[in-house]
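> Chains as they are written, first to last, in this note's numbering: chain Y, 52 to 167; chain P, -10 to 182; chain H, 4 to 162; chain E, 12 to 377; chain D, 18 to 390; chain A, -7 to 165; chain X, 60 to 209; chain B, 23 to 128. Using N, Cα and C, we set each Cβ at its ideal position, and we do this for glycine too. Predicted model, so just to flag it, every value in this text is computed and none were measured. Supplied in structure tokens, the structure appears directly below.
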Amino acid sequence: MSGEFLILFFIVAVVLVGGAIIFSNYAAPTSENAVKHDPYECGIPTKGLTWLQFNVGYYLFAIIFLVFDVEIVFVFPWAVVMKDLGMSAFIEIVIFFFVLVLGLMYAWKKKALVWE
Amino acid sequence: MGVKIKSMKYEDFEDNEGLEVFKQSGGNILFTTLDGIINWGRSNSIWPLTFATSCCGIEMMAAGAARHDFARFGIEVYRASPRQADVIVVAGTIVPKMAPVLKRLYDQMPDPKYVIAMGACAISGGPFVNSYSIVKGVDLIIPVDVYVPGCPPRPEALLYGVMQLQRKIKMESAFSKKNTEAQRTQRDTENNK
Amino acid sequence: MREIINYFKSIFFALKSLWTGMKVTGSYFFRPWTIITQQYPENRKTLKMFERTKGELVMPHNDKNEHQCTACGICQMNCPNGTIAITSLSIETPDGKKKKALDKYIYNLGMCTFCGLCVKVCPSDAIVFSNKFEHAVFNKNKLVKTLNKEGSTLKKGVE
Amino acid sequence: MPFTFSIYDFTGFTQWIDATLRGACSPFWAVLWEMVIVGVLFLAFYAVVGLYLVYAERKVCAFIQNRVGPNRVGPYGFFQTIADLIKLLMKEIISIREADKLLFNLAPFIVIVTSFLALAAIPFAKGLHPIDLNIGVFYVMAISSMGVVGILLAGWSSNSKYSLLGAMRSGAQIISYELSVGMALVTMCVLAGSLQLSVIVEQQRDLWFIFKGHFPAVTAFIIYMIAATAETNRGPFDLAEAESELAAGFHTEYSGIKFAFFFLAEYMNMFIVASLAATVFLGGWMPFHIPGLESFNHVMDFIPPVLWYIGKTAFIILLMMWFKWTFPRLRIDQLLNLEWKFLLPISLVNILIMAFIVLMGWYIGL
Amino acid sequence: MTEEIIIKEAPEQEISINMGPQHPSTHGVLRLVLSLKGEMVQKVEPHCGYIHRGIEKMTESMTYQQIIHLTDRLDYLSAHMNNAAVCLAVEKALDIEVPERVKVIRTIIEELARIASHQLWWCSFGMDLGGLTCFFYGLRDREKILDIFEETTGSRLIQSYNCPGGLMADLHPDFQRKVKEFIVYFRKLLPEYDELLSGNIIMMERSKGIGVMTKEQAISYGMTGPSGRGSGFSCDVRKHHPYHAYDKVKFNEVLRTEGDTYARYMVRIDEMRESMNIIEQLIDNIPAGDFAVKMKPIIKLPEGEYYQRVEAARGEFGIYIISKGEKYPYRMKFRSPNFSNLSALDALTRGHKIADLVAIGGSLDYVIPDIDR
Amino acid sequence: MEITVNHLMFGLFAAMIMVFSILTVTTRRILRAATFLLLVLVATAGLYFMLNYQFMAGVQLTLYAGGIVVLIIFSILLTSHISQKFEPVGWKKAYFSALASIAGAILCITTILQHKFQATTEAAKEIDMKLIGNSMLSTDRDGYALPFEVISVLLLAAMIGAIVVAKRKKLKE
Amino acid sequence: MTNQELKDSILKIEPTAVLEEGKQYLNLTVASDKWHSLAQQLKENKDLAFDYLFNLTGVDYGDTLGVVYHLESTTFHHVMVVRVSADRQNPQIPTICDIWRTAEFHEREAFDFFGIKFTNHPDLRRIFLDEEWKGYPLRKDYDSSLNQSY
Amino acid sequence: MLNAGIPMEAFLVVSTLMFFAGVYGFLTRRNLITILMSVELILNSVNINFLVFNRFLYPDKLQGHFFSLFIIAIAAAEAAVAIAIIINIYRHFNTINVEDVDKMRY
Ligand code: SF4
Ligand code: SF4
Ligand code: SF4
């Protein structure tokens, strides 16, 4: 089977979820009361904004992740031909990794990998 | 009888007259079958809210543990969020300060929802009836489906209570929309007159 | 260098401790006969409570429909939360004396805390605990029980 | 094309269907019909796998915990999850005040669609391979990297503190561990020299990769297992829905069937990573062969490939469940530490070792 | 002219989040209001009272026998110890010497209850950390103790077994055999706890150095029981003010000096071993005799003030009775260990993460009805 | 011309791209904008897929959809709250920008439609991963070994830059 | 230290204190304005070293309200009971939660139940009951019908 | 195969529309993150063009393919740094609105 089927699976999944939700919306019993649609906070009315501010912690990881994600993407073509190209490919990847590991070391030293 | 619980005879249960009250006519054949299927699903998948206030909560935990194993009934999926829970087992004392919280939790649960009052405290205030700070029975706050007396009830008693609840669910008609809150409250107050 | 050795040591130690834990859980997984679950409704026939188990308060009646309660009210007085309510009537005994007799022994199962005081203080051992624990009901009022049976009388010889 | 059905090779079967349909109507309609058939089959497959994984998890954890687990709904509680499904279908769906309705509803779509699309590339047996892309491994990785968006949207749009906290946690966690999953897969691709899953499976005809690649392959397998467990948000990495901390995490506000989809997607993701591990490390549907032992290999060949595939996947799923029910949960900083200070550097080095081994031809079997 | 609504709050401002009353890790209905910066806990404000049942007021209109059924329900996991405190106080006030048999039985049952309580703590601590299987193993072993209790006292959890002057009923004939069986059984299974949790790297990482409390702080906060002893505060009432038969048995007070979550954890694990030692010393020589002395049906304490402290599973439990010579106490105050331990929560958790808060809370092992009374 | 599945697919993707890219720049909720952007990018990956550049489609999904958009969503989660909405753009500005864009678009499209491309009509060959790998690592004329290495330096620079910027304490009080 | 020695050294610090030996423990009664400085001494004095406050009870004596402190020294293991009373209309007692940290919660409890105001307490709010609760339930004259909502 | 029967112009029109949607966003948006998103749209449309030209005009070569590959990589690096800067600005000024940031410079 070929690529057309991707779109098929996409549609099937959408139909599955959508169908179930629509069905459930009509079939399930409902009731209304004043607090039903309030956010849940252990049974206490929420005070203030339902918003948490985050410090550097999370997004720094997201940034470093992106960098390494690019790296993986570039390594995949290399991985495929590694067997065929042999030495030259090996040297190229060693250099490639070396530079990246420098970055990782830098992040490590700068405590960017310490979650706070 | 339309209500069967595995391994238990109809006569083995208490309060069969009480059960008959809940019986609702299902309409035509199609609806009866559908009702049957849906009620089968509902009664066999009662997910409780993790809600325990005091001693009875420990026995509720014991009921979930290896010896008694709630999971056999398919109700081991304790949900911490009321949005995903079907039944709220009021295990323990409810005091006036807690009452609005309980009410809110109950209100935030999606329909259909059920309540089991577990233990003397939840039924009537139990040992603390004479206190200045007690709710004398959770049925004053939320409609209760099954009362499981004891102080604390044994885990088996809770399992028995759950089976009673299953019977009650099986009596209901899934499509008649009789399960909505206002009607439930009204019906329950009538029953408890 | 030492750092690197420590680095690998910590990895090794971590894996080892994880494996120790997995051995415990894994061993149970492969020994299903250690399962201790009682299958409650299935084993209903064989399920035996301990004889002292406090399930509910009952008033034993003998085959002549006689109980031993003199309606003295001591249990009611000792009950910490008013679970017991006794109504008595005064009847006339054959020899002309007025006597209190039990009319209704009302016991609210939904309130009882099983403290055992009532049984302990009862001077004529009229009440005991039974083992029955299957009480769940749909209606709270069903939990208020009258313990003395219809038309029962006081056993002879109990004062 | 004659009708040849064999549990050892599905190619004939699928081609027969194809040929029959093409013979019966115009190509356009043939394709369409084919799609409908495949779609329905796949849907059923998806649902069955999802439901029974949930059931399996409950039984496995019950056995680990010295109890019997669901046993009152059908024989051995076999219909337990179906009852759950029916119940969840008939459960009210609550919308949250001030929530972003569009995104709130979109989130389950995203998680389900991604798991569905990723599943499409898994080779189940010879000839039973919905889509065989030449970038197979990479494709599965790419698709599953989008599932996290669903979680982030779910958390943010619920307008609840717990959800947001859970979403942030699981977002940081999933993207971090995705790297290690990718690295472990790259390591194996170096050995395979291809990304196409069918080719990768074929290459393991004589011996599975985990044996072929010995040391670095085993390391990669361990890393993959850890990272995959974390990427699917399962214990001991289930911080996002850490019951004891955040109630139910990012899906705190979801009820009824929408919640069920998150639940389902979690299990399907587990199935996908397990399948991928089975395919890349354990030879997919290839039977267990030992080079040189011909009679043994023949015996192994008798077991149908589908069973091999299912067995390996089940084994890995069991392993993941075993993890979950044994370990306590990590804390968020430890979790990130583990990834960035242990798994990532090790897997970087591991790739180099693997490359070196490939370079020198030190792997077993050619 | 701005295009979007600018949020008034400063970006790094603390936000507050509610944990509880209905929350799996607050062990009941404690409500904690956390001030968070990111995921860092800046301040924890416990809000109690969600299960305040007014027990202290109720005791003022109850006889001493009836009070037992309330002390049972304070810290229901160490119900025996709480009851013993009332009984001891009454007995001391009336100058009643209970038979040796009663003393020994009380000691054994208390130690059993302590083990059961620690087992339950272990399950819930494991669950707090996310190790769900602990929950089942702990409760599995606890069932054995509950069986022993039920056989003798008639109830599993809340037994009301003590009464002023002795016990409600004599031991069941099977008691000794069952207890011995249990000791053998549990000695075999306790190492499993260590393998599963104590030695686990994740657990150690999560608890070592978390929530450190020095000895001085612990004393100042009145942290008693295993929580206090984890900080090196020697506060075992059984040692310092012996009651029952504790002066006749040899046992060690388990002390650790680190004061972190792991120390508190290990103290409890070791205490289970210690309790088994105590039981082993006593179980074979329970003296014969009455199980209670005859008491007047209505007990009146002579006018005066009485204080009685016992070592409950979570720390020092005390009762303070002011009597005016009537059958009801004039004022009765319970010094509940959890209440004091809870006051240290804020100091323990500052600067830690939410997950640490859960672990610390688990290691304090609070029972909310005991706090709220 | 007979309608084939290809047409349907293309139509779906094209419609998704057009609708969602316009929604991306006009919606008033920021996270919705990011979600629409995600959908645009996914549809683009679909187009790549149709062009038979499967690897590029994968890269598009991993880096754009799974990387950049996730990062953007993360930063949105950090900086905005659900109750925030953009105020509608001033009509003048919207008017002129829309005018400029539409004019540009019409200009471009007419140019495109008028120009006769020497497009091949043969069906696309599949591009093997080996081919990509080989030309990426080869050092001859059509090879990209140098950019490949330079990318690593670029990534290093980006990482260091991001860390420096992010880790810097508040500029001034 | 025996009770006699305790008496002597305490009288040295605070001559107005009244000391008497009870059935169980040594009792000390002190005026509320002297209490805080005495408490400071009780803890810091090397010989007394009452570093462990194990109980704090509010009591309604009828005409006055009072607080009873149970103190112990973890080094010498001697125990003492301190009584401080306050008048019923405007009960005020200095806080000691800066000396013994555990007192912070206990004092809030006493405030909650008896309405005793601890001056300088950092956070004197009701701890168990609602903020809106009327009256102080453990006082003898508390009318239980005040707050009957259920 | 999959692109059979679809003219090259169709692809180009789609990418043009995307490009100008990006331009519109770039002109009207005032939030730094949305501006970044517009830029991504623009870049993406350029990528489509590269690939389309490569596929239809020089199907035997891979230049366009590699160009877009590197463009995506650079876009990722750019996004990483841009987001870091945006968040820093936000931490500093408590807004990521260009005009406000402009005003608050001193
Ligand atoms: S009913 Fe009894 S056991 Fe249950 S919570 Fe109330 S007092 Fe505790
Ligand atoms: S049951 Fe016993 S105590 Fe109660 S009224 Fe009857 S005789 Fe008296
Ligand atoms: S057991 Fe206790 S509560 Fe129950 S009726 Fe007897 S005295 Fe009352």
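How is Tyr393/D classed by DSSP in three states: helix, strand or coil?
Residue 393/D cannot be examined here, being either before or after the span of chain D that is shown, 18 to 390.
> Looking at the structure shown, is Thr366/D part of a helix, part of a strand, or coil, going by DSSP?
Here Thr366/D sits in helix by DSSP.
> Could you name the residues of the same chain whose beta carbon sits closer than 8 Å to that of Gln194/X, not counting the 5 residues immediately before and after it, in chain order?
In the sequence as displayed, the identity of residue 194/X is Gly instead of Gln. Hits under 8 Å: Tyr201, Asp202, Leu205 and Asn206.
> Is the shortest distance between the beta-carbon of Ser113/P and the beta-carbons of chain H less than 8 Å?
Cβ-Cβ to chain H under 8 Å: yes for Ser113/P.
> So, helix, strand or coil for Asp301/D, using DSSP?
DSSP places Asp301/D in coil when its eight states are reduced to three.
> Roughly how many angstroms separate the alpha carbons of Gly147/E and Gln207/E, rounded to a whole number?
Using only the alpha carbons, I get a separation of about 5 Å.
> Where does Phe61/Y sit, in a helix, a strand or coil, going by DSSP?
In the structure shown, Phe61/Y sits in a helix (DSSP, three-state: H, G or I).
> Rounded to whole angstroms, what is the Cα-Cα separation between Leu214/D and Thr71/A?
Near 40 Å, if we compare the C-alpha coordinates of Thr71/A and Leu214/D.
> Kindly give me the distance between the Cβ atoms of Phe299/E and Met311/E, rounded to whole angstroms, as I take these residues to be in contact under 8 Å.
Phe299/E to Met311/E, Cβ: 5 Å. Contact.
> Just to confirm the assignment, what range does the alpha helix (DSSP H) spanning Ser90/B have?
Looking at the DSSP string, the run of the alpha helix (DSSP H) that includes Ser90/B is Gln85 to Phe115.
> Near Pro386/D, what residues of its chain come up, given a Cβ to Cβ distance below 8 Å and the 5 sequence neighbours on each side ignored?
Hits under 8 Å: Gly45, Ile68, Arg70, Arg90, Leu91, Asp92 and Tyr93.
> To the nearest angstrom, how far is it from the Cα of Ile26/P to the Cα of Cys151/D?
Going by the C-alpha atoms only, they are around 36 Å apart.
> For Asn119/B, I'd like the list of residues in its chain whose CB is within less than 7 Å of its CB, leaving aside the five on either flank, ordered along the chain.
Closer than 7 Å at the Cβ level, and outside the excluded window around Asn119/B, lie Arg52 and Asn53.
> Is Thr40/H near ligand 3, judged by its Cβ being under 7 Å from some heavy atom?
Outside the cutoff, so no.
> Would you check if the region 95 to 104 of chain E and the region 261 to 276 of chain E touch, i.e. whether three or more CB-CB distances between them fall below 8 Å?
Contact holds: three or more Cβ-Cβ distances are below 8 Å.
> Taking the DSSP output, what are the residues bridged to Gly332/D?
Ala329/D, per the DSSP bridge assignment.
> Among residues of its own chain, excluding the 5 on either side of Phe113/X, which ones have a beta-carbon nearer than 6 Å to its beta-carbon?
Counting only Cβ-Cβ distances below 6 Å, and skipping sequence neighbours, we find His129 and Glu131.
> Taking 8 Å as the CB-CB cut-off, is Ile75/E touching chain D?
Closer than 8 Å: yes.
> Count the CB pairs spanning the region 58 to 67 of chain D and the region 365 to 372 of chain D that are closer than 8 Å, and state whether there are at least three.
Short answer: they touch.
> Counting contacts by CB-CB distance shorter than 8 Å, is Val68/Y in contact with chain A?
Judged by the 8 Å Cβ criterion, Val68/Y is not in contact with chain A.
> If you draw a straight line from the alpha carbon of Ile109/B to that of Phe33/H, how long is it in whole angstroms?
Whole-angstrom Cα-Cα distance: 52 Å.
> Between which two residues does the alpha helix (DSSP H) containing Pro89/P stretch?
Ala88 to Gln97 is the extent of the alpha helix (DSSP H) around Pro89/P.
> Taking the straight line between their C-alpha atoms, what separation do you get for Val51/E and Leu99/A?
Those two C-alpha atoms are separated by around 46 Å.
> Taking the Cβ atom as the reference point for each residue, do Ser113/P and Thr82/P lie within a distance shorter than 8 Å?
Cβ atoms of Ser113/P and Thr82/P: not closer than 8 Å.
> Heavy atom of ligand 2 less than 7 Å from the Cβ of Cys252/D, yes or no?
Incorrect: Cys252/D has no Cβ contact closer than 7 Å to ligand 2.
> Examine ligand 2 and report whether any of its heavy atoms sits within less than 7 Å of the Cβ of Gly76/H.
At least one heavy atom of ligand 2 is nearer than 7 Å to the Cβ of Gly76/H, so yes.
> In terms of DSSP beta bridges, what is Asp119/X paired with?
Leu124/X.
> Of all the residues that make up the region 122 to 152 of chain H, which are near chain P by a beta-carbon distance shorter than 8 Å?
Under the 8 Å Cβ criterion, the region 122 to 152 of chain H contributes Phe136, Glu137, His138, Ala139, Val140, Phe141, Asn142, Lys143, Asn144, Lys145 and Leu146.
> Between which two residues does the alpha helix (DSSP H) containing Ile85/D stretch?
Ile85/D -> alpha helix (DSSP H) spans Tyr81 to Thr88.
> When you measure from the CB of Glu81/H to every non-hydrogen atom of ligand 3, does any distance come out below 7 Å?
Strictly speaking, residue 81/H in this sequence is Asn, with Glu absent from that position. Correct: Asn81/H has its Cβ closer than 7 Å to ligand 3.
> Could you tell me whether any Cβ in chain D is nearer than 8 Å to the Cβ of Arg78/E?
Taking Cβ atoms only, chain D reaches closer than 8 Å to Arg78/E, which makes this a yes.
> With a threshold of 8 Å between beta carbons, is Ile(-6)/P in contact with chain D?
Not one chain D Cβ lies under 8 Å of Ile(-6)/P.
> Who are the Cβ neighbours of Ile89/H in its own chain at under 6 Å, not counting the five residues just before and after it?
Ala74, Gly76, Gln79 and Tyr108, listed in sequence order.
> Within the chosen definition, does the region 142 to 162 of chain E reach the region 194 to 207 of chain E through at least 3 CB pairs nearer than 8 Å?
Cβ pair count under 8 Å is three or more, so yes.
> Could you tell me which chain Y residues have their CB closer than 9 Å to the CB of Ile105/B, listed as they occur along the chain?
Per Cβ cutoff of 9 Å: Tyr110, Ala113, Ile114 and Leu117.
> For Leu59/Y, does the count of other Cβ atoms within 10 angstroms reach 16, so buried, or fall short, so exposed?
Flag for Leu59/Y reads buried.
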